[in-house]
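Per our numbering: the sequence shown = residues 11 to 235.
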Amino acid sequence: MMTKAFPERRKAQSVESSMQTQTGKDGTNPPAILDLGCGTAKTPGALGVDIDASCDPDLVHDLNEVPCPLLADSFRQIVCSHIVEHIDDPVLFFDELYRLAAPGCRIRILTPHFTNRCSYADPSHKHHFSVQFADFFAERPDKAGDIGPLGKPARFLFEHRFDHPTQFNPPRFRILSQHISFSRIFRWTGVERFANRFYRFWEFYLCFVLPARDISLELEVLKRP
């Protein structure tokens, strides 16, 4: 995982060979998918990057060091499964995602919600995210997460909506989908459905009573060809 340290010699060798890895061992085009922090469950057909050499990734690299030794505008899909919580500076990480992504690239992110107690059990986790953390980086539909036709009165009464400009102007990403996952009992009793429909209200007032597991996001990269 992100916190393991490995000899500089092995790391340097990986950096020197990374361009050859990206172009393919047989000289063909690079993989369309990039899996950052791939671990032992690399996405099939992807180019895998991980700091842990024992995972046998295609590229051994510490993702806290940017830029990553891969070509810009190269990938049509980027997978970030349980990695962003390990990153020192998420803003720089999203900036690097934008650099690596081809126009229209889809980015899939999976990270623990801050009410997931298991997130705090891992000492290598440096961040514990709100479901609204993506709002700092990406465009979102204006009315997402409001309480149906009572949206404006509810926002006035409960003050549960937090609006702010994105880190990037103009925005570099658009939120295509978002899902908050829950344990089985909360799925069976409708809590998951309620929390995903009214996630702002749930996160402000109910989340510590009805805790979540993970946040999954799909983003579109807003970049001209």
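We put the beta carbon where it would ideally sit given N, CA and C, even for glycine. It should be emphasised that the depicted structure is a prediction, and the values quoted were computed from it without experimental measurement.
| Asked | Found |
| --- | --- |
| Cα-Cα separation between R207 and E95, rounded to whole angstroms | 25 Å |
| DSSP state of D60 mapped onto helix, strand, coil | strand |
| Inter-stretch contact at 8 Å, needing at least 3 Cβ pairs: the region 41 to 60 / the region 80 to 87 | yes |
| Endpoints, beta strand (DSSP E) assigned at F208 | Per DSSP, F208 belongs to no beta strand (DSSP E) and is neither H nor E. |
| Reduced DSSP category for C90 - H, G, I as helix; E, B as strand; rest coil | strand |
| L229, buried or exposed, once every other Cβ within 10 Å from all chains shown has been counted against 16 | buried |
| Residues sharing a beta bridge with I195, DSSP | Note: I195 sits in no beta bridge, so no partner. |
| Assigned exposure category for I195 - 16 Cβ within 10 Å defines buried | exposed |
| Status (buried if at least 16 other CB within 10 Å, exposed otherwise) for P133 | exposed |
| Three-way DSSP call (helix, strand, coil) for H3 in this model | Here the chain has residues from 11 to 235 only, and residue 3 is not among them. |
| Own chain partners of P181 with C-beta closer than 7 Å, once the 5 adjacent residues on each side are dropped | A148, E149, L232 |
| Close-in-space but distant-in-sequence residues of the same chain around P113 (CB under 8 Å, 5 per side omitted) | D83, V231, K233, R234, P235 |
| Three-state secondary structure assigned by DSSP to N79 | It is Pro, not Asn, that sits at residue 79 in the sequence shown. Three-state DSSP puts P79 in coil, outside helix and strand. |
| Rounded Cβ spacing between H92 and L57 (contact assumed at less than 8 Å) | Contact flag wrong, Cβ pair sits at about 18 Å. |
| Candidates I190, R184, I185, L110: closest to V76 by CA position | L110 |
| H135 beta carbon less than 8 Å from that of D224 | no |
| F218 beta carbon less than 8 Å from that of T125 | yes |
| Cβ-based burial, W212 [other Cβ within 10 Å; buried from 16] | buried |
| CB contact check: R203 to chain B, cutoff 8 Å | Absent from the structure: chain B. Only one protein chain is present. |
| Endpoints, the alpha helix (DSSP H) within which R182 is located | Taken as a continuous stretch (DSSP letters only), R182 belongs to no alpha helix (DSSP H), as it is neither H nor E. |
| Given F214 as reference, the closest of L186, Q142, C65, L69 once Cα atoms are compared | Q142 |
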